[in-house]
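J.:
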Amino acid sequence: MASSDIATRASRLPASGWLETLLVSLGIRGRTLVIAIPFLWLLLFFFVPFLIVLWVSTSFVVIAQPPYTHACPDGGTFCLNISESFGRLFDDALYIKAYLNSLQVAALSTVVCLLIGYPMAYGMARCSHSTRNILLMLIILPFWTSFLIRVYAWIGLLKNNGLINEFLIWLNVIDTPINMMNTNFAVYVGIVYSYLPFMILPLYANLEKMDISLLEAATDLGCKPIKAFFLITVPLSFPGIVAGSMLVFIPAVGEYVIPELLGGPSSLMIGRVLVNEFFSNRDWPTASAVAVAILLALVVPLMIYQKYQDKELEKES
Amino acid sequence: MNRLSWVVIVWMIAVFAFLYAPIVSVVVYSFNDSKLVTVWGGFTLDRWYIALWNDRQIIDAAKLSLLIAAISSTLATILGIIAGYVLVRFPKFLGRTAFSGMVNAPLVMPEVITGLSMLLLFIMLQPVIGGRGLITVVIAHVTFTLSYIAVVMRSRFLTLDLSLEEAAQDLGAKPLKVFFVITLPIVLPAIVSGWLLGFTISLDDLVITAFTNGPGTTTLPQVVFSKVRLGLDPKINALATIIIGIVSIGVVFAIVHMRSAERRRQMDEQMAIRAIAKA
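If you read the sequences in order, they're chains C and Z.
Under the numbering used here, the first residue of the first sequence carries the number 169, and numbering increases by one thereafter.
Under the numbering used here, the first residue of the second sequence carries the number 255, and numbering increases by one thereafter.
1) Looking at the structure shown, is T473/Z part of a helix, part of a strand, or coil, going by DSSP?
2) In the structure shown, what three-state DSSP assignment does S485/C receive?
3) Considering just the uninterrupted stretch of the alpha helix (DSSP H) at K265/C, what are its terminal residues?
4) Is the Cβ-Cβ distance between V360/C and I426/C less than 7 angstroms?
5) By the 10 Å Cβ neighbour count, where 16 or more other Cβ atoms means buried, how is R517/Z classified, buried or exposed?
6) Who does F297/Z pair with in a DSSP beta bridge?
7) Along chain Z, in chain order, which residues have C-beta atoms closer than 8 angstroms to that of T313/C?
8) Buried or exposed: where does E428/C fall if 16 or more other Cβ atoms within 10 Å of its Cβ makes it buried?
9) If D451/C and V230/C are in contact, beta carbons under 8 angstroms, what's the gap, nearest whole angstrom?
10) Please state the DSSP three-state secondary structure of V216/C.
11) Using a beta-carbon distance cut-off of less than 8 angstroms, what residues from the region 262–276 of chain Z approach chain C?
12) Alpha carbons only, please: which of D487/Z, V382/Z, A515/Z and V510/Z is nearest the one belonging to W302/Z?
13) Using a C-beta to C-beta distance shorter than 9 angstroms, which residues of chain Z count as neighbours of G390/C?
14) On a CA-only basis, which of Y424/C, G285/C and L430/C is nearest L442/C? Give me that one, please.
15) Relative to the alpha-carbon of L282/C, which residue among W223/C, P407/C, G244/C and R199/C has its alpha-carbon at the smallest distance?
16) Along chain Z, in chain order, which residues have C-beta atoms closer than 9 angstroms to that of G324/C?
17) Run the CB neighbour count on P381/Z, radius 10 Å, all protein chains shown included, and call it buried at 16 or more, exposed below.
18) Counting pairs of Cβ atoms below 8 angstroms between the region 284–300 of chain Z and the region 454–474 of chain Z, do you hit three or more?
19) Assign S361/C to one of three DSSP states: helix, strand, or coil.
20) Quick one: what's V482/Z bridged to in DSSP?
21) Run through chain Z and tell me which residues come within less than 8 angstroms of G291/C, C-beta to C-beta.
22) Got a sec? Which residues, its chain only, sit under 6 angstroms from H395/Z by beta carbon, not counting five neighbours each side?
23) Closest by CA to F344/Z, which one among R408/Z, L400/Z, A271/Z and L329/Z?
24) Report the rounded CA-to-CA distance for T387/C versus V402/C, giving the unit in angstroms.
25) Mind checking I527/Z: buried by the 16 CB within 10 Å criterion, or exposed?
26) Closer than 8 angstroms, Cβ to any Cβ of chain C: which residues of the region 366–389 of chain Z, in chain order?
27) Report the neighbours of M140/C on chain Z: residues whose CB is nearer than 7 angstroms to its CB, in chain order.
28) So, are the CB atoms of M288/C and V269/Z less than 7 angstroms apart?
29) Check whether the Cβ atoms of I383/Z and I389/Z sit closer than 7 angstroms, and answer yes or no.
30) Quick one, are the C-beta atoms of A515/Z and S284/Z less than 7 angstroms apart?
31) So what's V461/Z in DSSP terms, helix, strand or just coil?
32) Beta-carbon of F353/Z versus every beta-carbon of chain C: anything under 7 angstroms?
33) If you drop the 5 nearest sequence neighbours on each side, which residues of the same chain put their C-beta closer than 7 angstroms to that of T331/Z?
34) Within 10 angstroms of its Cβ, does T351/Z collect 16 or more other Cβ (buried), or is it exposed?
35) Below 8 angstroms on the Cβ atoms is my contact criterion, and I expect A266/C with M414/C to pass it. Report the Cβ-Cβ distance as a whole number of Å.
36) Please check the pair I462/Z and V392/Z, which I expect to be a contact at CB under 8 angstroms, by giving their CB distance rounded to whole angstroms.
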């Protein structure tokens, strides 16, 4: 049943009741009220804050509480300051480097997650029904344990005297420990590890629903399984690929905890820059300008993600 | 159904090993009788658990985090049920696209951005809501957990059979009564899992909390983060083991419950088939 059908049927249900009568007499329909509660909450606490970020990104730094002002440096009461906070993002190579590095880390991590996650989701979707549910639980389980602790676990594995190095030395594969902690490699491992379930779940949801008879038809007509996989399975699972990729890429761009704990000073990411500007330098206008810059990079991915979510809503039954 | 090739099976085992090896290592080293986390110094059952219990800072932060998670998740569940209901039952209203965007976006929005933007709002609202503290943290947590709960509720409402609600309406129940007496009890399992999801997400949040809290409200993830930054700490391993233990028990219960529900359903189906066959 499409969601529009449900709505039509639901709308046919008669509307009455004393509360509703009261509200209608006040000019408010119950429906409006129901929509308004979550709508206004999200508007006030999720959307309006972005406008404030935009507002603060055009202000001047002052030593005051709060440390930003729109008063002009020359004494006027109101000035917009776009050149300083945004200008600095272009003048200082640090920002551009961190920005590009974040996009690169997020993109590459997304690709790695897809390469690891696709065969995984494919295998899960081809298991028997009861096995599927258990495997699904096993994928979701780490997500329910603390994110911070899962990142922490990697410190113990990646350190110079950590488990991986100890194991490799014990195997006589290496003599001296490989330096993995505080490198970009550790950041990649951390991001892929933390976000892998977000890639696997939409892929699995998509592959599970796929019509097997299409593959059988292809095989009957003499198509080799590998060819059928790339000609039929992969194109049909495209929406799942897009959804999983967005779920990994978008949050990974602004990731702070993973580069902070696993990365070194050289693994510069834009989320870290934002936090440093805000908390250490108390430069709120620049921190806000960085946030605006991150959002600009994410507008298109966010729209793709939103479109997919709407389509799913239409398609699901 | 075609059989899985062994390559895929080996791949799946490898991925599960990748997902679980770090978690297992944390648990194992919580029983390590050495201050150096990665050097094995013999087995101890309780050394780090006692040390954890005696660490006032961690225990106080844990209590506060549990309180914040309980309040936030309860409020977010109420809002999330309504949001999920609106998304499924009201396909056309002014601002629907904006609404669905605002429900979906917090799921993927980088936390540093959500945190910064909320903090700037709270600074502006300071005359109304006062300084930062428990209230601002709860508002922030409600806002981003409500999205997760709304998504859970949305998929539940999508698969909900309308005929029961229609029957109740036909028998003269008012819409609000139908919602509370028929709809809510049917979707109760989804509400419980939504609440639990919101609870764990709130309990786990570091970045948004760091932006929105005040000096008196240091939560568990913040304490853990500041300790972890200084290096490995066996007490954190003990804490992690406790969390993992609780979650695993919960999941095993869920699997057992699902299994028995499935079996009941199959038995019902068989009985129905037999009844039809007799007739």
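Idealized CB from N, CA, C, for every residue including glycine.
T.: Let me spell this out:
1) One-based indexing of the second sequence puts residue 473/Z at position 219. Three-state result, T473/Z: coil.
2) Along the first sequence, one-based indexing puts residue 485/C at 317. Unreliable placement is indicated for S485/C, whose pLDDT of 47 sits below 50; the coordinate value is still reported in the next sentence. Residue state, collapsed to three classes: coil.
3) Looking up residue 265/C in the first sequence gives position 97. That run of the alpha helix (DSSP H) goes A261 to A293.
4) For the purposes of this step, residue 360/C is taken as residue 192 along the first sequence, with counting starting at 1. For the purposes of this step, residue 426/C is taken as residue 258 along the first sequence, with counting starting at 1. Going by C-beta atoms, V360/C is not nearer than 7 angstroms to I426/C.
5) Translated into the one-based positions of the second sequence, residue 517/Z becomes position 263. Counting of Cβ neighbours within 10 angstroms places R517/Z among the exposed residues, the total staying below 16.
6) As a first step, residue 297/Z is located in the second sequence; it is residue number 43 there, counting from the start. DSSP output for F297/Z lists N286/Z as bridge partner(s).
7) Stepping through the first sequence from its first residue, residue 313/C is reached at position 145. Those within 8 angstroms of T313/C in chain Z are I277, A494, I497, I498 and V501.
8) Taking the first residue of the first sequence as position 1, residue 428/C is located at position 260. By the 10 Å Cβ count, E428/C comes out buried.
9) Translated into the one-based positions of the first sequence, residue 451/C becomes position 283. Translated into the one-based positions of the first sequence, residue 230/C becomes position 62. The pair is not a contact, with the Cβ atoms about 11 angstroms apart (cut-off 8 angstroms).
10) Residue 216/C sits at position 48 when you count from the first residue of the first sequence. Correct three-state label for V216/C: helix.
11) Result list: V262, I263, W265, M266, V269, F270, F272, L273, Y274, A275 and P276.
12) Stepping through the second sequence from its first residue, residue 302/Z is reached at position 48. For the residues D487/Z, V382/Z, A515/Z and V510/Z, the minimum Cα distance to W302/Z belongs to D487/Z.
13) Walking along the first sequence from the start, residue 390/C turns up at place 222. The CB of G390/C never comes closer than 9 angstroms to any CB in chain Z; the least such distance is about 16 angstroms.
14) Position 274 of the first sequence, counting from 1, holds the residue named residue 442/C. Relative to the Cα of L442/C, the nearest Cα in the group Y424/C, G285/C and L430/C belongs to Y424/C.
15) Here residue 282/C corresponds to residue number 114 of the first sequence, with the count starting at 1. The residue with the shortest Cα to Cα distance from L282/C is P407/C.
16) Reading the first sequence from its first residue, position 156 is the one you call residue 324/C. Within 9 angstroms Cβ-Cβ: P276, S279, V280, Y283, V291, T292, L486 and N491.
17) Counting from one through the second sequence, the residue named residue 381/Z turns up at place 127. With fewer than 16 other beta carbons inside 10 angstroms of its own, P381/Z counts as exposed.
18) Between the region 284–300 of chain Z and the region 454–474 of chain Z, the count of Cβ pairs shorter than 8 angstroms is below three; the stretches do not touch.
19) To locate residue 361/C, count along the first sequence from 1; it is residue 193. According to the sequence shown, residue 361/C is Tyr rather than Ser. The answer is helix: DSSP assigns Y361/C an H, G or I state.
20) If you number the second sequence from 1, residue 482/Z lands on position 228. None; V482/Z has no bridge partner.
21) For this step, residue 291/C is matched to residue 123 along the first sequence. Close partners of G291/C in chain Z (Cβ separation under 8 angstroms): L258, V262, I263, W265 and M266.
22) In the second sequence, residue 395/Z corresponds to position 141, counting from 1. Short of 6 angstroms from the beta carbon of H395/Z, and not among the five residues preceding or following it, lie these beta carbons of its own chain, in chain order: S326 and S456.
23) As a position in the second sequence, residue 344/Z is number 90, starting the count at 1. Selected option, being the one with the closest Cα: R408/Z.
24) For the purposes of this step, residue 387/C is identified with residue 219 of the first sequence, where counting begins at 1. For the purposes of this step, residue 402/C is identified with residue 234 of the first sequence, where counting begins at 1. Spanning the two alpha carbons is a distance of roughly 16 angstroms.
25) By one-based count along the second sequence, residue 527/Z stands at place 273. Here I527/Z is exposed, its C-beta having fewer than 16 other C-beta atoms within 10 Å.
26) Within the region 366–389 of chain Z, the qualifying residues are V366, I367, T368, L370, S371, M372, L374, L375, I377 and M378.
27) Since the first residue shown for chain C is 169 and the last is 485, residue 140/C is missing from the structure and cannot be characterised.
28) In the first sequence, the residue the question calls residue 288/C occupies position 120. In the second sequence, the residue the question calls residue 269/Z occupies position 15. Contact: yes.
29) Counting from one through the second sequence, the residue named residue 383/Z turns up at place 129. Counting from one through the second sequence, the residue named residue 389/Z turns up at place 135. Judged by their CB atoms, I383/Z and I389/Z are nearer to each other than the 7 angstroms cut-off.
30) By one-based count along the second sequence, residue 515/Z stands at place 261. By one-based count along the second sequence, residue 284/Z stands at place 30. At the C-beta level, A515/Z and S284/Z stay beyond 7 angstroms of one another.
31) Start at 1 with the first residue of the second sequence, and residue 461/Z comes out as number 207. In this structure, DSSP gives V461/Z a helical state, which the three-state scheme calls helix.
32) Against the second sequence, residue 353/Z aligns to sequence position 99. Chain C contact via Cβ: present.
33) Position 77 of the second sequence, counting from 1, holds the residue named residue 331/Z. A distance below 7 angstroms between beta-carbons, with the five flanking residues on each side excluded, links T331/Z to the following residues of its chain, in chain order: I403, I445, G448, W449 and G452.
34) Here residue 351/Z is taken as the residue at index 97 of the second sequence, counted from 1. T351/Z comes out exposed.
35) In the first sequence, residue 266/C corresponds to position 98, counting from 1. In the first sequence, residue 414/C corresponds to position 246, counting from 1. Taking the Cβ atoms as the reference, A266/C lies roughly 22 angstroms from M414/C, outside the contact range of under 8 angstroms.
36) For the purposes of this step, residue 462/Z is taken as the residue at position 208 of the second sequence. For the purposes of this step, residue 392/Z is taken as the residue at position 138 of the second sequence. Actually they do not touch by this definition, with Cβ atoms about 12 angstroms apart.
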